[in-house]
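Below is one structure, written out as structure tokens; the observations come after it.
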Amino acid sequence: MNEAVLTQVADRIGFITLNRPEKRNALSPELISGLISAFEAMKINDEVKVIILRANGKAFCAGADLAYLQQLQDFTYEENLEDSQRLRGLFDLIYNFPKVVIAELQGHALAGGCGLATVCDFAFAVPDALFGYTEVAIGFVPALVSVFLQEQIGGAKTQELLLSGQLISSSKAAELGLITEVVSSEFLQKSVRDFADKLILKNSTFSLRETKLLLRELNRESREKSLNYAAELNARARAHPDCKKGISAFLQKTKPEW
Numbered sequence: 001m002n003e004a005v006l007t008q009v010a011d012r013i014g015f016i017t018l019n020r021p022e023k024r025n026a027l028s029p030e031l032i033s034g035l036i037s038a039f040e041a042m043k044i045n046d047e048v049k050v051i052i053l054r055a056n057g058k059a060f061c062a063g064a065d066l067a068y069l070q071q072l073q074d075f076t077y078e079e080n081l082e083d084s085q086r087l088r089g090l091f092d093l094i095y096n097f098p099k100v101v102i103a104e105l106q107g108h109a110l111a112g113g114c115g116l117a118t119v120c121d122f123a124f125a126v127p128d129a130l131f132g133y134t135e136v137a138i139g140f141v142p143a144l145v146s147v148f149l150q151e152q153i154g155g156a157k158t159q160e161l162l163l164s165g166q167l168i169s170s171s172k173a174a175e176l177g178l179i180t181e182v183v184s185s186e187f188l189q190k191s192v193r194d195f196a197d198k199l200i201l202k203n204s205t206f207s208l209r210e211t212k213l214l215l216r217e218l219n220r221e222s223r224e225k226s227l228n229y230a231a232e233l234n235a236r237a238r239a240h241p242d243c244k245k246g247i248s249a250f251l252q253k254t255k256p257e258w
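Numbering of the sequence shown is given in this note's numbering, commencing with residue 1 and proceeding in unit increments.
Okay, here's the thing in structure tokens:
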């Protein structure tokens with residue numbers, strides 16, 4: 001049993017919960033594997049019409065598990081590429097999932113965690129949640145998430161976020177189209193549940209599935225090509241001296257000199 005991810009089904013909603021609160025739900029191999037298994041199970045569960053992706057703890061997801069990423073720097077390029085493809089597989093699975101996926105963001109979504117929110121169909125966040133792709137600050141490259149982000153909010157805004165590495169507020173994220181809506185923390189769960197119930201009661205299962213498939217078919221060929229390149233770049237970047245220095249500094253709580 002993978003305790004990094006919890007699942008529940010109730011009233012035609014499949015709840016998938018990130019459960020590494022002590023690590024701010026960082027994307028470890030166990031968490032990625034657990035998420036893939038959970039989504040695959042929900043895909044074939046006829047009782048599930050809508051997915052709510054949520055997290056335990058203060059943060060939704062802090063991005064990659066940097067301690068694990070540091071270990072990968074000693075891996076071969078082929079091993080790193082295989083690992084990168086697993087994360088790509090998770091993003092692909094959620095982005096192309098045949099059922100609607102709603103992200104319930106009770107806290108910060110950073111780097112790969114922000115990418116996780118990006119590949120969901122809808123995202124509701126509390127006012128004090130922060131968003132951002134901070135990879136450039138540690139000598140890494142936000143490769144995989146860039147493909148989905150550019151498709152969602154456009155090239156200019158994607159460039160602004162990825163090259164600056166700046167953190168933005170929930171209201172700014174909503175303004176950019178990165179998330180759907182900002183909801184006060186006391187009403188977040190109810191708002192997400194009400195939205196899911198509306199989709200379930202008012203919209204055809206067939207129409208939801210086929211409309212999402214239609215949207216994903218647009219630019220699929222170029223998206224797949226871009227993701228292949230991004231996975232390779234992700235794997236190469238891990239071996240670069242800047243990445244090694246940046247991750248080491250982060251783990252030692254020091255500031256690297258660039």
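Virtual Cβ for every residue (Gly too), placed ideally from N, Cα, C. It should be emphasised that the depicted structure is a prediction, and the values quoted were computed from it without experimental measurement.
- Gly63 sits away from Leu87, with the two beta carbons spaced by 8 Å or more.
- In the DSSP assignment, the residues bridged to Glu104 are Phe124.
- In its chain, beyond the 5 residues on either side, Phe124 and Ser191 have a beta carbon closer than 6 Å to the beta carbon of Val183.
- The Cβ-Cβ distance between Ile32 and Leu93 does not fall below 8 Å.
- DSSP lists Ala109 as the beta-bridge partner residues of Cys61.
- In the DSSP assignment, Phe15 forms a beta bridge with Gln8 and Ile52.
- Linking Leu116 to Ala249 through their CA atoms gives a straight-line distance of about 25 Å.
- Taking a contact to require three or more Cβ pairs closer than 8 Å, the region 54-68 and the region 201-215 do not qualify as touching.
- Close CB contacts of Pro256 within its chain, under the 6 Å cut and outside five residues either way in sequence, are with Lys245, Gly246 and Ala249 (chain order).
- Distances from the CA of Gly165 to each of Ser146, Gly154, Glu217 and Glu40 were compared; the closest alpha carbon is that of Ser146.
- Rounded to the nearest whole angstrom, the CA to CA distance from Cys114 to Gly107 is 11 Å.
- For Gly155, the enclosing alpha helix (DSSP H) starts and ends at Gly155 to Ser164.
- Taking a cut-off of 8 Å on C-beta distances, the region 97-106 touches the region 34-54, as three or more cross pairs fall below it.
- In this structure, the straight-line span from the alpha carbon of Ala231 to that of Ser84 is close to 6 Å.
- In summary, Tyr133 is buried, with 16 or more beta-carbon neighbours lying within 10 Å of its beta-carbon over all protein chains present.
- If you draw a 10 Å sphere on the C-beta of Tyr77, you find fewer than 16 other C-beta atoms in it, and that means exposed.
- Across the set Arg24, Pro98 and Pro21, the C-alpha of Pro98 shows the shortest separation from the C-alpha of Asp46.
- The residue from His240, Pro241 and Glu224 with its alpha-carbon nearest to that of Asn96 is Glu224.
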